[in-house]
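A short worksheet on the structure shown next.
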Amino acid sequence: MKKLSLSKFLPFPFLLFILTVPYIRITSAACHVDDEEGLLGFKAGITQDPSGMLSSWKPGTDCCKWSGVVCLFNDRVTSIQLYGQLDKPNSFLTGTISPSLSKIQDLDGIYLIDLRNISGKIPDLIFGLPKLQYIYIENNKLSGPIPVNIGKVTQLYALSLAGNQFTGTIPSSISQLSQLNQLKLGNNLLSGQFPVGIKQLRNLTFLSLEHNKLSGTIPDIFKSLTELRILRLSHNAFSGKIPGSISSLAPKLMYLELGHNALSGQIPSFLGNFKALDTLDLSWNLFTGVVPKTFANLTKIFNLDLSHNALTDPFPQLYVKGIESLDLSYNKFNLKEIPKWVTSSPIIYSLKLAKCGIKINLDNWKPAETYFYDYIDLSENEISGSPVSLLNRTDYLVEFKASGNKLKFDLGKLRIVKTLKQLDVSRNLVFGKVPTTITGLEKLNVSYNHLCGQLPKTKFPASSFVGNDCLCGSPLAPCKL
Ligand SMILES: *[C@@H]1O[C@H](CO)[C@@H](O)[C@H](O)[C@H]1NC(C)=O
Ligand SMILES: *[C@@H]1O[C@H](CO)[C@@H](O)[C@H](O)[C@H]1NC(C)=O
Ligand SMILES: *[C@@H]1O[C@H](CO)[C@@H](O)[C@H](O)[C@H]1NC(C)=O
Ligand SMILES: *[C@@H]1O[C@H](CO)[C@@H](O)[C@H](O)[C@H]1NC(C)=O
Ligand SMILES: *[C@@H]1O[C@H](CO)[C@@H](O)[C@H](O)[C@H]1NC(C)=O
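Following this line, the structure appears as structure tokens:
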């Protein structure tokens, strides 16, 4: 390979001579020797390839035709694109990333996605590649700290190391990646603070650091990030308030995900200016006070999750035409009714209003469209009536939870659709027998009702059935003859 890389410096006629020598390997005409060597070096670092992802990578054949190899211009390899298929158990690669990739001088993209079992470190040499713009090494098992040298690849446009086992802090050298549009480091084991230097990445449209162990406050650095569309910081240990400069992200921001942290204070009213907001997740934090009235302007919101905070009434009137998923559970709300903008949604698939002070009769609740419903959680309210006609209209329901209400119905009349996995109607006024149709469920709880009769054979524990009037048979006491 050294011979041919030298060819760059050789006079043109001489180069022509080399390439036209008749017995030279055909590959050198179609695939640069350096590239072939770099790729075969990568292959040598792979110890298991049960689905044969790299089986076409054979010395002496045109590497531009190998699967997962792209040569955009002439004979030079410009990207490696290897994708595992998550639905196929043997679609993975075991091994490490060989530093020999650094021989592929025109490489602009490294895509090693869902290969699951590639481990070790990212070789530092890769960061010297002069044209490298895209690094997507997602859902593998890389570990160790994110190399500080990452700051050397200043032309980088996208960096994703999501879904690995990286530890340590996010290196501050990341602030040198000024062309960066996407920075995805979610689902790792990163700790320390949110790097303040991110404010220098003015072209950032996608920032995700979710599912790590980051802590401290979210710094007030968003004023310069006016292109940001997606901000994902959920499942960390961030504390303090939502910084005021997040308001600079209006109106472009579409996803704001801050759930599962320790954020506190009030929900800022400027969030109502986010006219393009699709998803807002503030769940599992310590937010207090009311939901701002300005939320009335979030007319395009599809997914709203404010569950598990300490938010209080009054909940504002919303004018959203089609909410898809809503979770207001476990706050201090007293909604009394299911909001009209929920009932009228033509596309809702998930409704969770547990412990929201709802006092309706379920027979009187007539949602406009039930076709898409997958999840319904109305636990811990004061709902009376029967879910029989609702569940008769939800053909693809996966979960129905309504424990701790005043529902009164014959369990035998409840339609259990094939898709249903979880049913919890414990602590209600349910009567009748336990039908055999429940045996296909994954989770069941009908405890503390007025059920009677012999139980069908099931895998559920006794705590699924206790506290009824006269249920009997395994796992409860045998029936008296
Ligand atoms: C993943 O790689 C490890 C070694 O790093 C190996 O022991 C293990 O068998 C691999 N997993 C699978 C599913 O092959
Ligand atoms: C950001 O993007 C613009 C246009 O898309 C480009 O001209 C500029 O060089 C990029 N980088 C920075 C640091 O602004
Ligand atoms: C909604 O936005 C309009 C203008 O953008 C503003 O005048 C109005 O006060 C806002 N409504 C609420 C409830 O904040
Ligand atoms: C359930 O729906 C069927 C039609 O799909 C209807 O015939 C039946 O009466 C309904 N049952 C209840 C209890 O609403
Ligand atoms: C069923 O619900 C009761 C009361 O809510 C609870 O104590 C019990 O642990 C639950 N059992 C199962 C299997 O979910």
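Numbering (mature numbering (1 follows the signal peptide of the UniProt record, and there is no 0)), first residue to last: -29 to -1, 1 to 452. From the three backbone atoms N, C-alpha and C, an ideal C-beta is built for every residue, glycine too. None of these values were measured; they are calculated from a predicted model.
Would you mind stating whether residue 64 and residue 25 have Cβ atoms separated by less than 9 Å? Using a Cβ distance threshold of 9 Å, residue 64 and residue 25 count as a contacting pair.
Please say whether residue 154 and residue 185 have beta carbons closer to each other than 9 Å? Contact check for residue 185 against residue 154 fails: the beta carbons are separated by 9 Å or more.
Return yes when at least one heavy atom of ligand 5 lies under 8 Å from the C-beta of residue 395, else no. Answer for residue 395: yes, Cβ within range of ligand 5.
Taking 8 Å as the threshold, find out whether the region 402 to 409 comes into contact with the region 349 to 367 through three or more Cβ pairs. Counting Cβ pairs under 8 Å, fewer than three are found: no touch.
Evaluate contact between the region 366 to 382 and the region 344 to 352, counting only Cβ atoms and requiring at least three cross-stretch pairs below 8 Å. Taking 8 Å as the limit for Cβ pairs, the verdict is that the region 344 to 352 does touch the region 366 to 382.
Straight-line gap, residue 221 to residue 246 (C-alpha atoms, nearest Å): Approximately 7 Å, taken between the alpha carbons.
Are the beta-carbon atoms belonging to residue 107 and residue 84 less than 9 Å from one another? Their beta carbons are under 9 Å apart, which means residue 107 touches residue 84 by this criterion.
Taking residue 8 and residue 69 to be in contact with their CB atoms under 8 Å, please state how far apart those CB atoms are, rounded to whole angstroms. About 11 Å separates the CB atoms of residue 8 and residue 69; that is not less than 8 Å, and the two are not in contact.
At what residues does the alpha helix (DSSP H) containing residue 6 begin and finish? Residues 4 to 15.
Under a criterion of Cβ closer than 6 Å to any non-hydrogen atom of ligand 3, which residues qualify, in chain order? The answer, residue by residue, is 243, 264, 265, 267, 268.
Cβ-based neighbour list, residue 190, same chain, cut-off 6 Å, excluding 5 preceding and 5 following: So the list reads 165, 167, once near-sequence residues are dropped.
Grouping DSSP H, G and I as helix and E and B as strand, with all else coil, what is residue 495? This structure leaves residue 495 out entirely; the chain is present only between -29 and 452.
So for residue 1, helix, strand or coil by DSSP? If DSSP states are grouped into helix, strand and coil, residue 1 belongs with the helices.
What is the DSSP secondary structure of residue 167, reduced to helix, strand or coil? It is helical.
If the criterion is Cβ atoms closer than 9 Å, does the pair residue 339 and residue 321 meet it? Not in contact: residue 339 and residue 321 (Cβ atoms no closer than 9 Å).
Please specify which runs of the alpha helix (DSSP H), each continuous and at least 4 residues long, are wholly inside the region 193 to 264, giving them in chain order. Entirely contained in the region 193 to 264, not one alpha helix (DSSP H) run reaches 4 residues.
Straight-line Cα distance separating residue 324 from residue 428: Taking the Cα positions, residue 428 is about 33 Å away from residue 324.
Measuring alpha carbon to alpha carbon, tell me which residue in 49, 15, 170, 329 is nearest residue 145. When each option's Cα is compared against that of residue 145, the closest is 170.
Per DSSP, residue 425 forms a beta bridge with which residues? Its beta-bridge partners are 443.
When 125, 47, 19 are compared against residue 87, the one with the closest alpha-carbon: Ranking 125, 47, 19 by Cα distance to residue 87 puts 19 first.
Through-space distance from residue 237 to residue 304, alpha-carbon basis: One C-alpha to the other measures close to 15 Å.
Proximity to residue 496 [Cα-Cα], best of 27, 299, 199: Not covered by the structure: residue 496. The range shown for the chain is -29 to 452.
So residue 306 is in the beta strand (DSSP E); what residue range does that whole segment cover? Where residue 306 is concerned, there is no enclosing beta strand (DSSP E), given that its DSSP letter is neither H nor E.
Beta-carbon within less than 8 Å of residue -19's beta-carbon, same chain only, minus the 5 sequence neighbours each way: which residues are those? Confidence at residue -19 is low in this model, with a pLDDT of 37, below 50, so the placement of that residue should be treated as unreliable; the coordinate-derived value is given next. The beta carbon of residue -19 sits closer than 8 Å to no other beta carbon from its chain once the five residues preceding and following it are set aside.
Please state the DSSP three-state secondary structure of residue 119. The answer is helix: DSSP assigns residue 119 an H, G or I state.
For residue 278, does the count of other Cβ atoms within 10 angstroms reach 16, so buried, or fall short, so exposed? By the neighbour-count rule (16 or more Cβ atoms within 10 Å), residue 278 is buried.
Burial state of residue 257 (16 or more Cβ within 10 Å): Exposed, by the Cβ-count rule.
Three CB pairs or more closer than 8 Å across the region 281 to 291 and the region 255 to 271: Under the three-pair Cβ rule at 8 Å, the region 281 to 291 counts as touching the region 255 to 271.
Heavy atom of ligand 5 less than 8 Å from the Cβ of residue 416, yes or no? Yes, ligand 5 has a heavy atom inside 8 Å of this Cβ.
Determine the DSSP secondary structure at residue 73, reduced to helix, strand or coil. In the structure shown, the three-state DSSP call for residue 73 is helix.
Given residue 280, which residues of its chain have a CB within under 6 Å of its CB, disregarding the five upstream and five downstream residues? If the five residues before and after residue 280 are omitted, its C-beta is found closer than 6 Å to the C-beta atoms of 256, 258, 302, all from its own chain and listed in chain order.
Between residue 41 and chain E, is there a C-beta pair that is closer than 9 Å? Absent here is chain E; the protein component of the structure consists of one chain.
Going by DSSP, what residue range makes up the beta strand (DSSP E) through residue 389? Here residue 389 belongs to no beta strand (DSSP E), and DSSP marks it neither H nor E.
Counting C-beta neighbours from all protein chains within 10 Å, is the total for residue 449 16 or more, i.e. buried, or is it exposed? Counting of Cβ neighbours within 10 angstroms places residue 449 among the exposed residues, the total staying below 16.
Indicate the three-state DSSP secondary structure (helix, strand or coil) for residue 356 in the structure shown. Reduced to three states, the DSSP call for residue 356 is strand.
Within 8 Å: the Cβ of residue 65 and any heavy atom of ligand 1? Checking the Cβ of residue 65 against ligand 1 gives yes.
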